[in-house]
Every structure is written in C-alpha cells, then in structure tokens.
Amino acid sequence: MNRSFSLGGLLRRPEAGALLGLVAVLIFFSIFGGTSFLKIAGMSSWLNVAATLGVIAIPVGLLMIAGELDISVGAMVPAGAMTVSIISGHFGLPIWVGVAATLGFGVLVGLINGLMVVRTAVPSLIVTLGSLFAVQGMVLGLSVFITKSTSVALKTEGLAKMLFGDFVFGQLQVMVIWWLVATAAYVYFIHFSKFGNWVFAMGGDKVSARNAGIPTERLTITLFVLSSTSAAFVGMCQAILYNSAQVAGGQSFIFNSIISVVVGGVLLTGGFGSVIGIFFGTITFAIVTQGIYYTDFDRNWSSLIIGVLLLLAVLMNNTFRRAALSYAPKKGSK
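Per my numbering, residue -13 is the first one in the sequence shown, and the count goes up by one each step.
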C-alpha cells in the first residue's frame, strides 16, 4: 500500500480549506493585532470563545453532515443556564441535582426534535424552529412564574465549580478542556468507527442508507439528542462560571455555530465534512470575532469581516469538494 505524502491528497480533504483559512486569519491578526494578540491573555480570549462555541458546533455540524439542521440550540443555552440556576440557586437543591436536571432536559428536547423529524417527515429546520420558540416561551414563563424574575443567582463551590465553571492555567476556562475531550471523542466515533460511515451515508442519500440497513431513524434521534444536550451543557457551565443565569441570550449560538461549521468545510447539503474541519472553523471564527479588538480597525466592521469570511469559506469548500469528487487515482495505485 502506498502511503507516501501527497500534497494534493491533503488539499482534497474536507478540513483543507478550514486549515488554510485558520492560518490566514492567524497571520492577519498577528500582523495587525500586535504582540497583545499572541500573548496569553489574547490567546485565552479567543480560545474561551472557541471552546464555548465548539462544544455546540460539532454536534450541529454532524447533523448537517447527516442532512439535518438544529437551530433550537439558541434556546437550549439559556434553558440549560436557567434550569440549573432555578433548581440549585432558587430552590437551593444540591448542584448535582441541577446538573442532572439540566442534562435530562437537554436529552428530552433532543428526543422530541428527533422523533418529530423521523415520524412526521417535516424538515428539521421547521421542527427545530418550533422547538426554539417553544423552549424560549416555556423558560421565560416558568422563570417569571417561579422566581418572579428573568435572572437567577447561582453560587457553586467544590467539585462542581472545578469541573464546570472554573479557570485552568490562569485565564483559560475549564470549557476548553471539555471542548478538546469532546473533539477527540467525536473524531474517533465519526472517522474511525462504523457510526461515522453511517452519518456520511445518511447525508449522501438517506433512502439508500436505510435500504443498506443503516438505522437512520435511531441515528438521527441520537444526533439531535447530542446537539440539544451539548447546548444545555454549555448554558449550565456558563451559569456556574458567572454565578448567574438570564432568560435572554443564546440566539447568537444559532448563526455562530452554523458559520463555524460551514467555515470548517461542511456542506449545507450534507454528506461532506469532518470533525477536525469544524474544530478549525470554530477557532477561525473565534479569532475573527475577538481579534478585531486587538487591531486599530473600527469595531463596526467586524460583521463585514465575518460575512466575507463565510462567503470565501463556502467558495473555497466547494472548490475542495469538487477536487475531491473529481479525483481519480492513477492506475496501479492503492
């Protein structure tokens, strides 16, 4: 078997465009952001943003690879924060009860989303749009009814604080470690196990995948559960980190996660992408959103930069995808 290095082979991989984009923005902000951007404080700022977003972006990206979409994550982040805060802050129950309830609520919403998608054949965009507003309304209504407020204080100490809402190595949030561990786990299951082949097969042609014996319905539900639970987990960690939770917020995670996934090389049409690409895309997005503050540029241009980045990423990823699909190995090569 020929395992010689091939630059062309690397450039045909889904994460190739994401890696090039990451290198480009690193060079750009290293030049215009000065030394502050590369110092520990500067790196921590965008790594913390990337970690919080990345925990959500990867399962959202896997759903997109499978041909589905989950925008209810925008409601699950504040829902997770308010759940743990009301249970362990307002009612004063043990923090582990709040953690279990938060994760359980994430699983429940994911199950509902997944079951509705596979049982009704309604597009996942519509299903999760409905659950987005439903969860938002429920969290707001229950929060005001129970606490008479839209914000709840939460004081956490001990092991739970250390695991979910503390800082490591000075200025890095513990979420960075969760992000790295989650990324490694997803890389294994998606790229080194049969489950990954099933996800890509679903994104290519769900009917053919089902006819081939792939449990498409069960896998779809599992992916929705991962997505909603990850969003609830992020919200919970933010509440523990900042010692409070608010009903508002979380909407930015919808578009930011999708942007990170697309920049990471995942096609909106499904069937193409990689976990490493999403990982690179998340870092790229975080650097762009945070790096602008280390330059002399007008902050009002940050949205323009993000928009241009997204368009360039889509064009670049389509180019790499066409190169991968049109590639034909030479005769005799293995």
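For glycine and all other residues, C-beta sits at the position ideal for the given N, C-alpha and C.
Inspect the beta-carbon positions of Phe210 and Val59 and report whether they are closer than 8 Å. no
For Phe219, the residue or residues it bridges with in DSSP: Phe219 pairs with nothing; no bridge assigned.
Any C-beta of chain B sitting closer than 8 Å to the C-beta of Thr202? The structure shown contains no chain B; it is built from a single protein chain.
Taking a contact to mean a Cβ-Cβ separation below 8 Å, would you say Ser74 touches Ile81 in this structure? Yes; because the gap between Cβ atoms is below 8 Å, this pair is in contact.
If you run the structure through DSSP and keep just helix, strand and coil, what is Leu227? helix
When you compare the CB positions of Thr114 and Leu55, do they come within less than 8 Å of one another, or not? The answer is yes: Cβ separation under 8 Å.
Simplified DSSP state of Val154, which is helix, strand or coil: strand
At the level of alpha carbons, what is the spacing between Leu158 and Gly28? Between Leu158 and Gly28, the alpha-carbon positions lie close to 11 Å from each other.
Short of 7 Å in beta carbon distance, which residues of its chain neighbour Thr202, apart from the five on each side in sequence? Order them along the chain. Met188, Lys192, Ala195 and Arg196
Among the residues of its own chain, which have a CB less than 8 Å from the CB of Ala87, if the five just before and after it don't count? Thr69, Val70 and Ile73
For Val138, write down the residues that DSSP places opposite it in a beta bridge. Ala231
Could you tell me if Phe(-9) is buried or exposed, where buried requires 16 or more neighbouring beta carbons within 10 angstroms of its beta carbon? Residue placement at Phe(-9) is flagged as unreliable, the pLDDT there being 46, under the threshold of 50; the coordinate-derived value follows with that caveat. The residue in question, Phe(-9), is exposed, as its Cβ has fewer than 16 Cβ neighbours within 10 Å.
Going by DSSP, what residues sit across from Gln159 in a beta bridge? Phe153
Thr270 and Ala67 closer than 8 Å at C-beta: no
Grab me the residues of Lys141's own chain with a C-beta within less than 8 Å of its C-beta, minus the 5 sequence neighbours each way, in chain order. Sequence-distant Cβ neighbours of Lys141 in its own chain, meaning closer than 8 Å and more than five residues away, are Gly75 and Asn229.
So, using beta-carbon positions, are Ala225 and Ala217 closer together than 8 Å? no
Taking 8 Å as the limit between beta carbons, can you name the residues of its chain near Leu212, skipping five residues before and five after? Pro45, Leu48 and Gly96
At the level of alpha carbons, what is the spacing between Arg204 and Gly100? Answer to the nearest angstrom: the Cα atoms are 9 Å apart.
Within 10 angstroms of its Cβ, does Ser22 collect 16 or more other Cβ (buried), or is it exposed? Exposed, by the Cβ-count rule.
DSSP-derived helix/strand/coil call for Pro64: helix
According to DSSP, simplified to helix, strand and coil, what is Gly259? coil
Hey, quick one: how far does the alpha helix (DSSP H) through Ser194 stretch, first residue to last? For Ser194, the enclosing alpha helix (DSSP H) starts and ends at Lys192 to Asn197.
Using the Cβ count rule (16 or more neighbours within 10 Å means buried), how would you classify Ser135? Within 10 angstroms of the beta-carbon of Ser135 lie fewer than 16 other beta-carbons, which makes it exposed.
For Gly199, does the count of other Cβ atoms within 10 angstroms reach 16, so buried, or fall short, so exposed? Looking at its Cβ environment, which holds fewer than 16 other Cβ atoms inside 10 Å, Gly199 is exposed.
Tell me whether Val252 sits in a helix, a strand or coil according to DSSP, three-state version. coil
Do Gly19 and Met62 have their C-beta atoms within less than 8 Å of each other? Gly19 places its beta carbon 8 Å or farther from that of Met62.
Reducing DSSP to helix, strand and coil, say where Lys25 ends up. coil
Selected residue, minimal CA-CA separation from Trp32, among Met50, Arg285 and Ile278: Ile278
Span separating the alpha-carbon of Val247 from that of Val160: So the two alpha carbons sit approximately 22 Å from each other.
Let me make sure I understand the geometry here. Which of Trp184, Gln276, Leu298 and Phe153 has the alpha-carbon closest to that of Gly250? Leu298
Is Met(-1) helix, strand or coil by DSSP? The sequence shown places Arg at residue -1, rather than the Met named in the question. Correct three-state label for Arg(-1): coil.
Run of the alpha helix (DSSP H) containing Phe131, from where it starts to where it stops: Ser110 to Thr133
Continuous alpha helix (DSSP H) stretch holding Trp82: start and end: Ile81 to Thr106
Inter-residue spacing [alpha-carbon to alpha-carbon] between Ala36 and Arg105: 35 Å
Beta-carbon contacts of Gly330 that lie in its chain and below 6 Å, excluding the five residues immediately before and after: Examination of residue 330 is not possible in this model, given that the chain is present from -13 through 320 alone.
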